[in-house]
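> Going by our numbering, the first residue of the sequence shown is number 169, and it counts up by one from there. From the three backbone atoms N, C-alpha and C, an ideal C-beta is built for every residue, glycine too. Quick caveat, the model's predicted, so the values are computed rather than measured.
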Amino acid sequence: MNCNGPDFRLLGPLRVLRAGADLPLGGEKPRAVLALMLLRRNRPVPVPTFAEEVWGRGAGDVHANLQVLISNLRRVLGPPGGEGQPYIQTSPAGYSMSVADENLDLARFRSLAAAGNAARAARRPADAGRAYTDALREWGGERGLEDLGGLPFADAFAQTMEHELLSVLQARIEADLACRRHDELLGELYALTRRYPLNDVFCGQLVTALAGSGRSADAAVTYHGFREQYQSEMGANVPEALRRVWMSVSREADVPSHYGAQTLPSRADRTVVDDASAGLRGELVHGRGLRTEVTGRLMIGRIGCDLDLPDARISKTHAVIIPTPDGFVISDLQSTNGTFVNGIPVVAPQLLNHLDRIRLGGTELVFRRLS
Numbered sequence: 169m170n171c172n173g174p175d176f177r178l179l180g181p182l183r184v185l186r187a188g189a190d191l192p193l194g195g196e197k198p199r200a201v202l203a204l205m206l207l208r209r210n211r212p213v214p215v216p217t218f219a220e221e222v223w224g225r226g227a228g229d230v231h232a233n234l235q236v237l238i239s240n241l242r243r244v245l246g247p248p249g250g251e252g253q254p255y256i257q258t259s260p261a262g263y264s265m266s267v268a269d270e271n272l273d274l275a276r277f278r279s280l281a282a283a284g285n286a287a288r289a290a291r292r293p294a295d296a297g298r299a300y301t302d303a304l305r306e307w308g309g310e311r312g313l314e315d316l317g318g319l320p321f322a323d324a325f326a327q328t329m330e331h332e333l334l335s336v337l338q339a340r341i342e343a344d345l346a347c348r349r350h351d352e353l354l355g356e357l358y359a360l361t362r363r364y365p366l367n368d369v370f371c372g373q374l375v376t377a378l379a380g381s382g383r384s385a386d387a388a389v390t391y392h393g394f395r396e397q398y399q400s401e402m403g404a405n406v407p408e409a410l411r412r413v414w415m416s417v418s419r420e421a422d423v424p425s426h427y428g429a430q431t432l433p434s435r436a437d438r439t440v441v442d443d444a445s446a447g448l449r450g451e452l453v454h455g456r457g458l459r460t461e462v463t464g465r466l467m468i469g470r471i472g473c474d475l476d477l478p479d480a481r482i483s484k485t486h487a488v489i490i491p492t493p494d495g496f497v498i499s500d501l502q503s504t505n506g507t508f509v510n511g512i513p514v515v516a517p518q519l520l521n522h523l524d525r526i527r528l529g530g531t532e533l534v535f536r537r538l539s
């Protein structure tokens, strides 16, 4: 970054920093005018475009107001390096800004992401991971221009950048998986799958990380729980790429990766979940002595599940119990109100013990191990 000039930031709230201090940009309209010029940097923005994007359609003649805002912004920004022409230039075609790539977080983000993609294509996962990590550090918030939400151009930019952010984040996690950092990624991936419950890429990465950490039962719970929820809410089978990840994990095969084959650690207890139910029996006691037998995978929810519970606080598909080589495991399916075992929220697949108390919404179940 050029230390002689301001640092313009669009990835998060709009900010302009000089020597680490925020410059006073004013209210929404001057900030929107500046943001529009930054998004179209090195190209003039016509006055009618400012009128439509900042003031709204039918605003009428805004030229005088725009001139005042531009004048104030010029004063706040100052000339580059203290000399020469101001950042904002005037031409018959409109107003424009000339800002170097090194002084704009958006340009730096995209440049670093491109470097990560080049390293990825060259099968250098460590270099790719470092470049992607540096790219993600350019973000100062969760959305682009998040302080200008509601303005159509800002919302369109935020939507575009959300896709770019997720793409780089997924690529960085993939690079870390290729470097066998499975254990380090689990907390982050659990958080991401809760935030994006129907994102099959994050699910596949979590399944890979769990399997790579030797937690085959948890990988099975995660995949099958996602599959049930995806089919229920999307009305379709899980994407083929995720199915291939699961098949490779369950068969102890190589995990697909842009960086080449990675052999998962061999585990004597690695078993496809559907084969794990032999000899396992349990039951859930609920209501007034009602009992539901548990011998295989059991979906619990409010509508269309193996066990439907008449409780408005329970999600349509709320939780799943799956037999594993170690016993029955319960997993929350990104429900609205959470799943609790003995008063503790289930944030990762959890092994059930005899007489554990399970709470979903306002309903309590008691798990009993029968064999």
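1. What separation, rounded to the nearest whole angstrom, lies between the Cα atoms of asparagine 210 and methionine 265?
2. Taking Cβ positions, are leucine 353 and alanine 377 nearer each other than 9 Å?
3. So if DSSP puts aspartate 273 in a beta bridge, which residue, or which two residues, is it bridged to?
4. Nearest to isoleucine 238 by CA position, among Val267, Ala261, Ser259 and Val201, is which residue?
5. Go ahead and pull the three-state DSSP assignment for aspartate 474.
6. Measuring only the C-alpha atoms, how far is leucine 538 from arginine 362?
7. Extract the residue ranges of the alpha helix (DSSP H) inside the segment 350–395, only unbroken runs of 4 or more that lie entirely within it.
8. Determine the DSSP secondary structure at isoleucine 482, reduced to helix, strand or coil.
9. Check for me: the alpha helix (DSSP H) holding valine 215 runs from which residue to which?
10. Just to confirm before moving on: does the CB-CB distance between glycine 180 and glycine 308 stay below 9 Å?
11. Excluding the five sequence neighbours on either side, which residues of its own chain have a C-beta within less than 8 Å of the C-beta of threonine 463, listed in chain order?
12. Alpha carbon to alpha carbon, how far is cysteine 347 from aspartate 494?
13. Just the Cα atoms here: how many angstroms apart are valine 375 and glycine 393?
14. Counting only runs of 4+ residues fully inside the segment 310–353, write out the alpha helix (DSSP H) ranges in chain order.
15. Report buried or exposed for threonine 328, applying the criterion of at least 16 other Cβ atoms within 10 angstroms of its Cβ.
16. Just to confirm the assignment, what range does the alpha helix (DSSP H) spanning serine 499 have?
To lay it out plainly:
1. 6 Å
2. yes
3. None, per the DSSP bridge assignment.
4. Val201
5. coil
6. 32 Å
7. 350–363 and 368–380
8. coil
9. 215–218
10. yes
11. Ser445, Leu448, Arg449, Gly450 and Pro491
12. 29 Å
13. 11 Å
14. 320–346
15. exposed
16. Unbroken run through serine 499 is the beta strand (DSSP E), 495–500; no alpha helix (DSSP H).
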